[in-house]
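This report refers to the structure that appears directly beneath it.
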Amino acid sequence: LVMVFYGSNGKSNPVSMENKVEHQAKNQITYDIHLPSDLGMLYKVRLGPQSVENSISQLSPRHFKMQNTSTLDTFSLTINKTLPLSLNGDRWIEFPIEWPLKEALSVVTYHLRVFSRNILSERNLVHMTACVYGTHGDTGDRSLLWSLQNVQQGENNESFLVTVDAVELGELDKVVLLISSKTDCKVDIKKLHLKEAVKEHPIYVFEVNETFSVNANKPEIQREIPVSFVIRGDKQKNDIDNNLHKEGSETRNLTEYTIKVYTGDQRGAGTDANVHVILFGNEDKSEVFQLSQPLEHQDPFERGKVDTFKITTKKLGSLHSIEIGHDGKGF
1 LVMVFYGSNG
11 KSNPVSMENK
21 VEHQAKNQIT
31 YDIHLPSDLG
41 MLYKVRLGPQ
51 SVENSISQLS
61 PRHFKMQNTS
71 TLDTFSLTIN
81 KTLPLSLNGD
91 RWIEFPIEWP
101 LKEALSVVTY
111 HLRVFSRNIL
121 SERNLVHMTA
131 CVYGTHGDTG
141 DRSLLWSLQN
151 VQQGENNESF
161 LVTVDAVELG
171 ELDKVVLLIS
181 SKTDCKVDIK
191 KLHLKEAVKE
201 HPIYVFEVNE
211 TFSVNANKPE
221 IQREIPVSFV
231 IRGDKQKNDI
241 DNNLHKEGSE
251 TRNLTEYTIK
261 VYTGDQRGAG
271 TDANVHVILF
281 GNEDKSEVFQ
291 LSQPLEHQDP
301 FERGKVDTFK
311 ITTKKLGSLH
321 SIEIGHDGKG
331 F
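When the count follows UniProt numbering, it moves up by one through the sequence shown with no breaks and lands on 331 for the last residue.
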């Protein structure tokens with residue numbers, strides 16, 4: 001088991017969980033780790049196996065707690081997930097570190113679509129990963145050929161979708177591909193499209209247009225692909241803006257809010273009801289927002305989970321209260 005820590009001053013190398021602390025409580029493992037440099041204010045952790053090549057027995061972390069032994073700053077989080085996340089799926093869990101009075105990032109689901117000519121016919125021989133970089137760090141190396149979705153095949157073209165859960169990356173910068181094979185082969189990649197799963201735009205386009213000659217006896221091929229262009233979907237944005245403006249009124253400012261809902265870790269804490277929220281400010285109140293699609297791409301309001309929602313509404317001024325409730329469904 002390894003962890004990678006991200007801070008305002010950079011990120012750590014993978015830290016192996018080897019130095020266990022003696023006298024541990026039941027169902028709890030404590031590790032003593034030493035980071036070689038000061039990472040600054042930590043904002044993200046990635047947790048996963050030592051090697052994605054090796055199969056591992058299932059591990060089900062329930063809670064994560066971390067303390068700086070010098071400053072005694074402490075962070076804790078309920079995880080309640082099992083590694084690997086699926087039999088042929090992602091081997092990594094990422095979560096943001098939240099500090100008092102500091103705005104935290106959110107976990108989002110990214111859709112990475114790969115356009116190629118022959119990868120699907122070679123997928124049992126080829127190992128290929130992608131590491132996506134943005135203003136808030138990177139995803140680490142994620143496999144592109146384990147769990148394919150929405151496969152589309154033509155005579156000379158094919159594409160498939162890969163789902164990546166990661167702490168939000170901000171503006172994307174580049175993708176680094178690593179390609180290796182068990183035998184000599186050629187892999188033809190045309191381009192990559194990357195976007196958040198719950199959004200139509202922006203779509204980041206990475207033009208590759210290269211045939212990679214992979215040799216089983218040579219080191220893996222590494223290729224850095226900078227973003228080629230971004231499809232912003234301005235027309236869609238304008239349509240949304242227009243729907244929020246009353247006919248004939250002047251364009252008003254829009255504000256995006258991030259809402260985090262922490263469901264208690266007690267029996268009966270979760271709900272299947274339809275949850276809504278209304279924000280009240282000193283200038284106006286928002287419309288009713290249904291909280292149904294969290295950025296974590298999970299069923300919302302499950303026991304011990306954290307759900308993140310982003311809403312966009314008219315200018316409200318300084319918030320002074322909220323209304324949150326549900327329709328009682330399931331009772």
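Cβ coordinates follow ideal geometry from the N, Cα and C atoms, glycine included.
Apart from the 5 residues on each side of it in sequence, T74 sits with its Cβ closer than 6 Å to the Cβ of Q67 in its chain, given in chain order.
Short of 8 Å from the beta carbon of K81, and not among the five residues preceding or following it, lie these beta carbons of its own chain, in chain order: S60, P61 and I93.
Per DSSP, the unbroken alpha helix (DSSP H) holding E122 starts and ends at I119 to E122. Residue environment analysis places A216 among the exposed positions, since fewer than 16 neighbouring C-beta atoms fall within 10 angstroms of its C-beta. Counted as a single uninterrupted DSSP element, the beta strand (DSSP E) harbouring F5 occupies residues V2 to G7. Check the Cα spacing between S116 and each of T69, F280 and I189: the tightest is with I189. Exclusion of the five residues before and after G10 leaves S37, L39 and G40 as the residues of its chain whose Cβ lies within less than 8 Å of its Cβ. Separation of K65 and F309 (C-alpha to C-alpha, rounded to the nearest whole angstrom) is 24 Å. Remark: C-beta atoms of T109 and E296 approach each other more closely than 9 Å.
For T129, the number of other beta carbons within 10 angstroms of its own is at least 16, and it is reported as buried. Less than 9 Å divides the Cβ of G281 from the Cβ of S318. Segment contact: the segment 216-226 against the segment 254-274, fewer than three CB-CB distances shorter than 8 Å; contact not assigned.
DSSP, read as helix, strand or coil, puts L279 in strand. Between the alpha carbons of H127 and E18 lies a distance of about 28 Å. K191 and T211 have their C-alpha atoms some 11 Å from each other. The continuous stretches of beta strand (DSSP E) do not include V227, and DSSP gives it neither H nor E. Rounded to the nearest whole angstrom, the C-alpha separation of D141 and F95 is 16 Å. Taken atom to atom, the span from the alpha-carbon of R232 to that of L112 is near 16 Å.
Partner residues in the beta bridge of D138, as assigned by DSSP, are Y133. The beta carbon of F289 lies closer than 6 Å to those of V277 and I311 in the same chain, with the five residues before and after it left out. T78 and D265 do touch by the CB rule: their CB atoms are close to 6 Å apart, below 8 Å. DSSP, reduced to helix, strand and coil, places P96 within a strand of the structure shown. Comparing alpha carbon positions, the residue from Y43, L178 and E98 closest to V132 is L178. Shown here for I33: same chain residues with a beta carbon closer than 6 Å to its own, the five before and five after excluded, namely V15 in chain order. Remark: C-beta atoms of K44 and L105 approach each other more closely than 9 Å.
Listed as beta-bridge partners of Y257 by DSSP are I311.
Judged by their CB atoms, Q153 and L120 are nearer to each other than the 9 Å cut-off. With fewer than 16 neighbouring CB atoms inside 10 Å of its own CB, I322 falls in the exposed class. Residues K314, K315, L316 and G317 of the same chain have their beta carbon placed closer than 8 Å to that of D284, with the five preceding and five following residues left out of the count. Q28 carries a coil assignment under DSSP once its states are collapsed to helix, strand and coil.
Not a single unbroken stretch of the alpha helix (DSSP H) spanning 4 or more residues falls wholly within the segment 151-201.
In this structure, DSSP gives R113 an extended state, which the three-state scheme calls strand.
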